[in-house]
Structures are given as structure tokens and as C-alpha cells.
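Numbering (the working numbering), first residue to last: 9 to 122.
Glycine residues also receive a C-beta, built at the ideal position from the N, C-alpha and C atoms.
Owing to the predicted nature of the structure, the values given are computational and were not obtained by experimental measurement.
Below: the structure, in C-alpha cells.
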Amino acid sequence: VKTCKSLNWPEGYEVPKEIDYKKDGSSYEKGFGTTRASLYWEAAWEREWLNSYKTDPERAEKALAELEKATKMTYMSPAKCDDATREFFAKYLDQARHGDPSGFEENIKLNAPE
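The structure is reproduced here in C-alpha cells:
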């Protein structure tokens, strides 16, 4: 909840009330909720870019600016994320900068938490 409130979300996006997995008695690593919130944030901004890159360049640019922040966020740090994931994310960002939606589409299809 605290992480959700600290993140900037696309206009009109409703942050899910429950972002964690169901509580089934399992224990999770410290920071799990922050990582989950960050994944929702990433997917929200990728969708924002996908929904606007053809019709609203200003909104699309704002989405890319937000997504560029991911590389400095904890969930994308070497302590929480492997090199391959960071490399793919950088590739997807680069593709989007060049008007290619395929990276974000693939990332949402394969990895979005929603």
C-alpha cells in the first residue's frame, strides 16, 4: 500500500486494492509487496504508452519518461532482478522510443501481474 501511494500512476488508472498473492500462510521475502506494486506500475505505464503512441504523442512521451525511471527502482536493481530481465526491459524501451510496440506487448502478455 505504501509503495502504491509513492508511485506515479497514469491518469485514470485504478490501482488494484489487493496487489499481493492471496495470503495462504506462505511467507514472502521482505520487499515482496514493493516488487509487486512496481510490476503493476510498469504494466500500467506500458499500457499507457500502447494506448497513446499512435494518437497522443505527449501522453506516450510521458509514459516513456516514467518507464525510464524503472532502471533506478529497487525492483529492477541487481539485488532483485537478473541481468537478462534488465536487458530485455532496456530493449523494450528502445523499441518503444522508435515506435515499435512489440516489446511492451510481449512483456505485458508474458509478465504483467494483472
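Q. Would Gly107 pass as a contact of Tyr100 if the rule is Cβ separation under 8 Å?
A. Taking the first residue of the sequence shown as position 1, residue 107 is located at position 99. Taking the first residue of the sequence shown as position 1, residue 100 is located at position 92. Not closer than 8 Å, so no.
Q | Helix, strand or coil at Met81 according to DSSP, with G and I counted as helix | A | Taking the first residue of the sequence shown as 1, we reach residue 81 at position 73. Coil.
Q. Thinking C-alpha only, which one of Trp53, Trp17, Tyr21 is nearest Glu113?
A. Counting from one through the sequence shown, the residue named residue 113 turns up at place 105. Taking only the C-alpha atoms, the option nearest Glu113 is Trp53.
Q: Report the three-state DSSP secondary structure of Asp1 (helix, strand or coil).
A: Here the chain covers residues 9 to 122 and nothing more, so residue 1 does not appear.
(Q) Tell me the DSSP secondary structure of Thr63 in three-state form. (A) As a working mapping, residue 63 is identified with position 55 in the sequence shown. DSSP places Thr63 in coil when its eight states are reduced to three.
Q. The alpha helix (DSSP H) with Gly111 in it runs from where to where?
A. Sequence index remark: in the sequence shown, residue 111 carries index 103 (1-based). Gly111 -> alpha helix (DSSP H) spans 110–119.
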